[in-house]
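> Mapping of the sequence shown onto our numbering: residues 16 to 249, in sequence order.
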Amino acid sequence: MIKVYPAESRYHADYGWLKTYHSFSFGEYYDPNNIQFGPLRVLNDDFVAPLRGFGAHPHQEMEIVSIVLKGHLKHEDSAGHTATTTFGGVQRMSAGTGIIHSEVNPSATEEVNFLQLWFLPEVNGLTPSYERTTFDVAKMKNALLPIVANRPSSREIAHIHQDLTIYLSDLEAGKEITFTQPEGRRIFLFVIEGELTLNGETTLHRRDSARITETPTLGIASKQGTRFMLIDLP
């Protein structure tokens with residue numbers, strides 16, 4: 016079953032320095048029917064103005080992934096980690112028993128746009144940790160490139176404490192790829208740019224998403240070209 020969530024159905028807030036779009040209940044937005052999809056608890060599409068950001072704040076018992084789409088994002092945390100990420104990089108933070116961190120736009124001129132995802136961990140009580148990895152953007156071309164996984168197979172893939180894999184893909188116009196998974200698992204798909212069609216029937220456009228169950232084989236095609244994120248979830 017494929018359930019489509021149009022981009023305009025997301026909760027939107029504009030704070031001047033921050034423009035944000037929430038795919039799930041978060042902050043002042045609460046919908047008891049839209050809390051999570053499997054262990055995926057949060058997907059925020061954030062646009063942060065130059066030299067602004069989220070000051071030091073605490074987290075516990077959550078796996079937090081940030082994927083920068085444009086600009087630069089600077090991370091600092093109470094464990095002493097400092098890193099700046101741009102497109103082609105991903106950061107994963109395991110909040111575990113508790114960590115304080117900040118996420119800011121270090122640029123004086125350029126807005127940063129990034130996706131922040133929160134996942135429930137497999138187990139609670141983990142030691143807080145942070146990891147930043149980089150991947151070869153060219154490998155996204157007409158393929159599903161894993162960038163975060165529970166069992167990473169290379170140093171380009173960040174490790175996450177949940178049975179999931181996050182893929183990015185750049186699909187050229189007229190191309191198609193197929194994703195298969197065991198029965199009982201689910202897929203979350205988010206269109207970053209362009210448009211795509213699922214199993215020849217369901218079309219999604221920029222920033223639309225789909226929550227997919229009972230579909231062990233998923234065909235993904237694009238007439239105009241697309242960049243998208245696919246998450247294989249339990």
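Just so you know, even glycine gets a beta-carbon here, dropped at the ideal spot from N, CA and C.
Per DSSP, which one or two residues make a beta bridge with Leu58?
Position 43 of the sequence shown, counted from the first residue, corresponds to residue 58. Paired residue(s): Leu132.
> From the DSSP output, in three-state form, read off Val206 for me.
Counting from one through the sequence shown, the residue named residue 206 turns up at place 191. Val206 falls in the strand class under three-state DSSP.
> With a Cβ-Cβ cutoff of 7 Å, do Leu84 and Asn128 count as a contact?
For the purposes of this step, residue 84 is identified with residue 69 of the sequence shown, where counting begins at 1. For the purposes of this step, residue 128 is identified with residue 113 of the sequence shown, where counting begins at 1. Going by C-beta atoms, Leu84 is nearer than 7 Å to Asn128.
> Does DSSP put Met16 in a helix, in a strand, or in coil?
Working through the sequence shown from its first residue, we reach residue 16 at position 1. Met16: coil per DSSP, three-state reduction.
> Please report the Cβ distance between Arg242 and Asp185, rounded to the nearest whole angstrom; I am assuming they are in contact, meaning their Cβ atoms lie under 8 Å.
Position 227 of the sequence shown, counted from the first residue, corresponds to residue 242. Position 170 of the sequence shown, counted from the first residue, corresponds to residue 185. Sure, about 5 Å apart at Cβ, within 8 Å.
> Within 6 Å: the Cβ of Thr35 and any heavy atom of the ligand ADP?
Among the components of this structure there are no ligands whatsoever, and the ligand ADP is therefore not found.
> Checking the sheet assignment: what are the DSSP bridge partners for Val83?
For the purposes of this step, residue 83 is identified with residue 68 of the sequence shown, where counting begins at 1. In DSSP, Val83 forms a bridge with Phe129.
> Can you tell me whether Asp151 is buried or exposed? The criterion is at least 16 other CB atoms within 10 Å of its CB, across all chains shown.
Locating residue 151 in the sequence shown gives position 136, where the first residue counts as 1. Exposed, since its Cβ has fewer than 16 Cβ neighbours within 10 Å.
> In chain order, what residues of the same chain have a beta carbon less than 8 Å from the beta carbon of Ala64, not counting five sequence neighbours either side?
Translated into the one-based positions of the sequence shown, residue 64 becomes position 49. Correct list, in chain order: Gly31, Trp32, Leu33, Asn120 and Glu126.
> Spatial neighbours of Gln75 within its chain, please: C-beta separation below 6 Å, excluding the five flanking residues on both sides.
Counting from 1 along the sequence shown, the entry for residue 75 is found at position 60. Here the set comprises Ala110 and Gly113.
> Please determine if the segment 193–201 and the segment 223–239 are in contact, where contact requires at least 3 C-beta pairs separated by less than 8 Å.
Yes, the segment 193–201 touches the segment 223–239.
> If we ignore side chains and look at the alpha-carbon of each, how far apart do Asn59 and Phe134 end up?
Within the sequence shown, the letter at position 44 stands for residue 59. Within the sequence shown, the letter at position 119 stands for residue 134. Approximately 12 Å, taken between the alpha carbons.
> Quick check: the Cα distance between Phe41 and Gln239, rounded to an integer number of angstroms?
Counting from 1 along the sequence shown, the entry for residue 41 is found at position 26. Counting from 1 along the sequence shown, the entry for residue 239 is found at position 224. Between Phe41 and Gln239, the C-alpha separation is close to 33 Å.
> Quickly, what does DSSP pair Glu191 with across the bridge? List them, please.
Position 176 of the sequence shown, counting from 1, holds the residue named residue 191. Per DSSP, Ala236.
> Apply the 10 Å Cβ neighbour rule to Ala123 and answer buried if 16 or more other Cβ atoms are within range, or exposed otherwise.
For this step, residue 123 is matched to residue 108 along the sequence shown. Counting Cβ neighbours within 10 Å, Ala123 comes out exposed, since fewer than 16 surround it.
> In whole angstroms, what separates the C-alpha of Ile82 from that of Leu132?
Taking the first residue of the sequence shown as position 1, residue 82 is located at position 67. Taking the first residue of the sequence shown as position 1, residue 132 is located at position 117. Between Ile82 and Leu132, the C-alpha separation is close to 8 Å.
> In this structure, what does DSSP give as the bridge partners for Glu146?
Locating residue 146 in the sequence shown gives position 131, where the first residue counts as 1. Arg107.
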